[in-house]
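Here's the structure we're looking at; comments come further down.
Residue numbers (the UniProt record's numbering): 1 to 242.
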């Protein structure tokens with residue numbers, strides 16, 4: 001049985017910054033072993049039920065790599081940091097070679113958490129970080145990178161705002177689709193009324209039922225013909241010979 005799970009690759013200081021309560025094992029040396037991992041309580045229950053998860057092994061599909069559980073943490077419901085497995089960067093580099101790009105200055109896929117000392121000024125730290133970028137990444141004038149420090153208390157709100165934007169865009173999209181459907185229905189009804197009047201006039205002038213049926217059938221056939229021609233022309237532009 002295999003599942004797609006959410007893995008965090010972290011450094012040794014992760015559990016000194018995020019003090020999740022351990023239900024099994026401890027934060028001390030939790031991921032010091034290359035193949036040692038910490039899992040969430042939900043994940044442990046899913047795979048091991050009520051049994052202890054400590055020293056149980058997990059197999060990474062396709063890579064034939066076995067991970068050993070060194071700890072289980074209970075992640076609060078309101079936590080902004082949610083994961084199934086926490087593993088070391090060293091192990092991540094073996095599973096996913098692209099993880100090595102974490103040392104590349106062009107890397108933008110990692111989330112960096114920084115714990116400031118008591119009394120530290122966030123703006124001063126930001127300026128120092130910006131200078132580090134200038135010295136190691138791009139020279140002054142060419143550097144387009146702007147670093148910002150976001151208080152962790154606002155991190156969840158920032159994620160929520162992104163979700164809110166997605167919801168707003170989805171509502172707008174559904175509104176546009178709804179308007180298009182209403183317009184289509186109105187046009188169909190209007191055309192139907194015109195056709196009814198047209199049929200009535202032709203019946204008054206002596207048209208037979210067979211004549212009316214033939215006229216309707218011709219219109220339907222013409223519509224199919226134009227549709228097929230358009231589809232065939234569209235295929236010309238998407239063919240490999242173009």
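Glycine is no exception: its CB is placed at the ideal position from the N, C-alpha and C atoms. Predicted model, so just to flag it, every value in this text is computed and none were measured.
Hey, quick one: how far does the alpha helix (DSSP H) through residue i stretch, first residue to last?
{"i": "residue 132", "result": "122-136"}
{"i": "residue 16", "result": "14-17"}
Residues bridged to residue i by DSSP?
{"i": "residue 87", "result": "9"}
{"i": "residue 24", "result": "72"}
{"i": "residue 37", "result": "69"}
If I measure Cβ to Cβ from residue i and keep anything under 8 Å in the same chain, skipping five residues before and after, which residues do I get?
{"i": "residue 192", "result": "none"}
{"i": "residue 148", "result": "126"}
Excluding the five sequence neighbours on either side, which residues of its own chain have a C-beta within less than 6 Å of the C-beta of residue i, listed in chain order?
{"i": "residue 6", "result": "83 and 84"}
{"i": "residue 240", "result": "In this predicted model, residue 240 has a pLDDT of only 35, less than 50, meaning its place in the structure is not dependable enough to derive any value."}
{"i": "residue 36", "result": "68 and 70"}
{"i": "residue 19", "result": "none"}
{"i": "residue 27", "result": "15"}
{"i": "residue 236", "result": "Because residue 236 carries a pLDDT of 43, less than 50, the predicted location of this residue cannot be relied on, and the following value inherits that uncertainty. Closer than 6 Å at the Cβ level, and outside the excluded window around residue 236, lies no residue."}
So the candidates are the options; which of them puts its Cα closest to the Cα of residue i?
{"i": "residue 112", "options": "100, 121, 172 and 152", "result": "152"}
{"i": "residue 135", "options": "9, 105 and 150", "result": "105"}
{"i": "residue 23", "options": "74, 49, 33 and 165", "result": "74"}
{"i": "residue 32", "options": "185, 13 and 17", "result": "13"}
{"i": "residue 121", "options": "100, 150 and 99", "result": "150"}
{"i": "residue 66", "options": "29, 87 and 213", "result": "87"}
{"i": "residue 59", "options": "4, 50 and 9", "result": "4"}
{"i": "residue 115", "options": "100, 123 and 17", "result": "17"}
Provide the residue span of the beta strand (DSSP E) that contains residue i, from first to last.
{"i": "residue 57", "result": "57-60"}
Using a Cβ-Cβ cutoff of less than 7 Å, which residues in the same chain neighbour residue i once the five nearest sequence positions on both sides are dropped?
{"i": "residue 53", "result": "24, 39, 44, 69 and 72"}
{"i": "residue 48", "result": "56"}
Quiz item: Touch check for the stretch 28-48 and the stretch 129-138: three-plus C-beta pairs under 8 Å?
Solution: Counting C-beta pairs with one atom in each stretch, the stretch 28-48 and the stretch 129-138 have fewer than three that are closer than 8 Å, which means they do not touch.
Quiz item: Do three or more CB pairs link the stretch 73-84 to the stretch 92-105 at distances below 8 Å?
Solution: The stretch 73-84, when compared against the stretch 92-105, does not touch it at the 8 Å Cβ threshold.
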